[in-house]
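Structure record follows, encoded as structure tokens.
In my numbering, the protein residues as written are 3 to 174.
Given below as structure tokens:
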């Protein structure tokens, strides 16, 4: 088991635009015995309702969406570049059909205050859901956005209060 050190959301040492958009993240929900994860590059972090929050966007066809929808907690996990291939696998292989953990080589691990992350993660953010909805095409103000949805499978989005940011304590 990994020893995790808690840090404040404002002390995350990374640029969140790079973390999410370029480095990618795993969105994970469920329990140690039954969880699923997916790679994502859409999301955000900020302040809403006087709380530190993270927002994630998941297409309804994704198996992970079922887990996020039915669980109170979801996590965001970030990795060093050497895990890029594992992240590609977690973004293309469905946990509905195959054992992603076995294929990717990642090892699921519970965080100290709940939620699932990974032994290999360099940063894990635990979120308690505050709000969920589905993007509505009638509300797009830029018609070009519709091009992202040829299948009309508009993302569900989840806003979660950040309850803990965790950095692994690695041995020398």
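Backbone N, C-alpha and C fix where the C-beta goes; we use that ideal spot for every residue, glycine too.
Original post:
So, do the region 126–140 and the region 152–161 have three or more beta carbon pairs nearer to each other than 8 Å?
Top reply: Yes, the region 126–140 is in contact with the region 152–161.
**OP:** Could you check what DSSP says for residue 112 in three-state terms: helix, strand or coil?
**Re:** Numbered from its first residue, the chain shown carries residue 112 at position 110. DSSP places residue 112 within a strand segment (E or B) once states are collapsed to three.
Original post:
Excluding sequence positions up to five away, which residues of its chain have a Cβ less than 8 Å from the Cβ of residue 7?
Top reply: Looking up residue 7 in the chain shown gives position 5. Closer than 8 Å at the Cβ level, and outside the excluded window around residue 7, lie 168, 169, 170, 171.
Original post:
Does the distance from the CB of residue 108 to the CB of residue 27 come in under 9 Å?
Top reply: Translated into positions along the chain shown, residue 108 becomes position 106. Translated into positions along the chain shown, residue 27 becomes position 25. Against a cut-off of 9 Å, the Cβ pair of residue 27 and residue 108 comes out as no contact.
Subject >> residue 103 to residue 61 span [Cα, whole Å] >> reply: The residue given as residue 103 occupies position 101 in the chain shown. The residue given as residue 61 occupies position 59 in the chain shown. Roughly 21 Å between the two C-alpha positions.
Original post:
Which runs of the beta strand (DSSP E) spanning at least 3 residues fall entirely within the region 119–164, listed in chain order?
Top reply: The region 119–164 contains these whole beta strand (DSSP E) runs: 125–136.
Original post:
Per the contact definition of three or more C-beta pairs closer than 8 Å, is the region 78–95 in contact with the region 120–127?
Top reply: The region 120–127 vs the region 78–95: in contact.
Subject >> Close beta carbons around residue 74, own chain, < 8 Å, minus the five adjacent residues each side >> reply: Taking the first residue of the chain shown as 1, we reach residue 74 at position 72. Taking C-beta separations shorter than 8 Å and ignoring five residues to either side along the sequence, the partners of residue 74 in its chain run 130, 131, following chain order.
Original post:
So what does DSSP say about residue 62, is it helix, strand or coil?
Top reply: As a position in the chain shown, residue 62 is number 60, starting the count at 1. When secondary structure is reduced to three states using DSSP, residue 62 falls in the coil class, being assigned neither helix nor strand.
Subject >> For residue 75, the three-state DSSP class (helix, strand or coil) >> reply: For the purposes of this step, residue 75 is taken as residue 73 along the chain shown, with counting starting at 1. Correct three-state label for residue 75: strand.
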